[in-house]
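Colleague: Quick one: the structure is below, questions incoming.
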Ligand code: HEM
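In UniProt numbering, the protein residues as written are 1 to 423.
Quick look at the structure:
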């Protein structure tokens, strides 16, 4: 039993410890989460969040335990649509909705192993490397659109478009349709994350998702007949191991949606937050002049910023973390952002230090069987984005402003970041 949690002054709800200092739904500009989370790690490292009906887990060791043990802490049932399908709307055959579909993010055990085995090679470092010239062009085209203005909103004019166009390009969708993908992704996230929604809005959003599925289904059918040099065609190639059943169209559709949802806001936040951090830490000029530091800076940014603040699991049996007993069937929120600031694992964790000896030990991409499948693509894309910005906007600066965040407990997203440069 952990004595620190026994000593806590925190109240309890039934047999569930609470930690009211932390409000998971407060936007970052209203609440600086880091000192509060440091207090939680010391005093109440596992606590119940009544707002979300979940246990929050804050320490590095506990978070790693959850990430690595998918038998006890399962992804199955952890993500679901909180808004039910309105009556009268027909779901086309093969459509992964109204559940979130059988993607890698919603499976475990043998089902998950098979999906990862079939898809991981498609997203490996060597498989995504040939897309570099296309991604460089996306970055430069975006900068062309605003460079003469001497100022831009980095979020809407660069980071968001960069992330969506890149994923569209590597999967093989027309880049011109990436704005539609943005809207569909937002609709998907709203249906997952909004418990109380009016009937009319629910109907509009669900109809949008069905359109998204029909668009993806058309593309899959086209690639079955006319394979191209893209990742969706690669997912259709017969498996090297003939004992494994190839991916079905339904599985490809569910996973395309997972790649887009998992790979857009994340990378956009990463790009934006890195630009902010480099300025805050006074490192901008030195990295513009010497890119040899970039790799370690990129890793330290992942540790420091909490791009994905945390994600869910469901417990399959009674368990215990940091002395707190958690019953089977509970929803867990493992907080990677807090784990990455755990003083028991990272010395002086609030300091931004690309030279720290364990800079690669962050859990920003998770660990274990669900380790981010898009990590090689995210690193490639972000590196290309940073180099394009350093090369073309070397005098970029961030004028005084309050950066507002979307209140989102999974990926707190900066709404805008005004930047300017010399013409
Ligand atoms: C900086 C950018 C990114 C960050 C910080 C990030 C982080 C994460 C995290 C924390 C997970 C959760 C793993 C778990 O449940 O244990 C994850 C899963 C995943 N990510 Fe990423 N991600 C990023 C970019 C991408 C991109 C570009 C893609 C595009 C393909 C992608 C695809 C996925 C997929 C498919 C999963 C589910 C893997 C599974 O459950 O087996 N991610 N990512």
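Using N, Cα and C, we set each Cβ at its ideal position, and we do this for glycine too.
Model, not experiment: these values are computed from the prediction.
#1: Let me know the alpha helix (DSSP H) ranges lying completely inside the region 52-110, each 4 residues or longer, listed in chain order.
#2: In whole angstroms, give me the CA-to-CA distance for residue 491 and residue 375.
#3: Just mark residue 391 as buried or exposed, buried being the case when its beta carbon has 16 or more other beta carbons within 10 Å.
#4: Going by DSSP, what residues sit across from residue 314 in a beta bridge?
#5: Run through the DSSP bridge pairs and tell me what residue 319 is partnered with.
#6: What residue ranges within the region 246-321 form continuous alpha helix (DSSP H) runs of no fewer than 4 residues, ordered along the chain?
#7: Expressed to the nearest angstrom, what Euclidean distance is found between the alpha-carbon atoms of residue 315 and residue 353?
#8: Taking just the CA atoms, how far does residue 97 sit from residue 191?
#9: Would you kindly check if the distance between the Cβ of residue 385 and the Cβ of residue 162 is under 7 angstroms?
#10: Please indicate yes or no: does the CB of residue 198 lie closer than 6 angstroms to some heavy atom of ligand 1?
#11: Under a three-way DSSP split, which group does residue 187 fall into?
#12: Measuring from the CB of residue 76, is there a heavy atom of ligand 1 at a distance below 6 angstroms?
#13: Look at the alpha carbon of residue 210 and the alpha carbon of residue 102, and state the distance between them as a whole number of angstroms.
#14: Is residue 405 closer than 7 angstroms to residue 414 when the C-beta atoms are compared?
#15: Name the residue from 408, 339, 381, 301 whose alpha carbon lies nearest to the alpha carbon of residue 355.
#16: Whether or not the region 319-331 and the region 55-69 are in contact is what I'm after, with contact meaning three or more pairs of Cβ atoms, one per stretch, closer than 8 angstroms; do they touch?
#17: Thinking C-beta only, is residue 339 closer than 7 angstroms to residue 63?
#18: Figure out for me which residue from 333, 224, 160, 281 has the closest Cα to the Cα of residue 263.
#19: Going along the chain, which residues of its own chain have a beta-carbon closer than 7 angstroms to the beta-carbon of residue 371, five neighbours each way excluded?
#20: Could you check whether the region 302-322 touches the region 69-83, counting it as contact only if at least three pairs of C-beta atoms, one from each stretch, sit closer than 8 angstroms?
#21: Comparing C-alpha positions only, which one of 396, 380, 285 sits nearest to residue 130?
#22: Less than 7 angstroms between the C-beta atoms of residue 232 and residue 224, yes or no?
#23: Let me see if you follow: with CB-CB separation under 7 angstroms, is residue 271 close to chain C or not?
#24: If you check the beta carbons only, do residue 258 and residue 122 fall under 7 angstroms apart?
#25: For the candidate residues 402, 221, 294, whose alpha-carbon lies nearest to that of residue 359?
#26: Count the other CB atoms, across all protein chains shown, that sit within 10 Å of the CB of residue 6; report buried if there are 16 or more and exposed otherwise.
#27: Suppose you measure from the CA of residue 286 to the CA of residue 164; what does that come to, to the nearest Å?
#28: Can you look up residue 49 in the DSSP assignment and give me helix, strand or coil?
#29: Report the rounded CA-to-CA distance for residue 8 versus residue 20, giving the unit in angstroms.
#30: Using DSSP bridges, identify the partner residues of residue 152.
#31: Count the other CB atoms, across all protein chains shown, that sit within 10 Å of the CB of residue 419; report buried if there are 16 or more and exposed otherwise.
#32: Verify the contact flag: residue 374, CB atom, against every heavy atom of ligand 1, threshold strictly below 6 angstroms.
Modeller: Straight from the coordinates:
#1: 60-68
#2: Because the chain in this structure spans residues 1 to 423, residue 491 falls outside the shown range and cannot be described.
#3: exposed
#4: 74, 331
#5: 326
#6: 249-263, 265-280, 284-289, 294-305
#7: 35 angstroms
#8: 11 angstroms
#9: yes
#10: no
#11: helix
#12: no
#13: 16 angstroms
#14: yes
#15: 301
#16: yes
#17: yes
#18: 160
#19: 365
#20: yes
#21: 380
#22: no
#23: No chain C appears in the structure shown, which is made up of a single protein chain.
#24: no
#25: 294
#26: Bear in mind that the predicted position of residue 6 carries a pLDDT of just 41, short of 50, making it unreliable; the figure below should be weighed with that in mind. By the neighbour-count rule (16 or more Cβ atoms within 10 Å), residue 6 is not buried but exposed.
#27: 29 angstroms
#28: strand
#29: The predicted model places residue 8 with a pLDDT of 42, which falls under 50 and marks its position as unreliable; any figure quoted below should be read in that light. One C-alpha to the other measures close to 12 angstroms.
#30: 419
#31: buried
#32: yes
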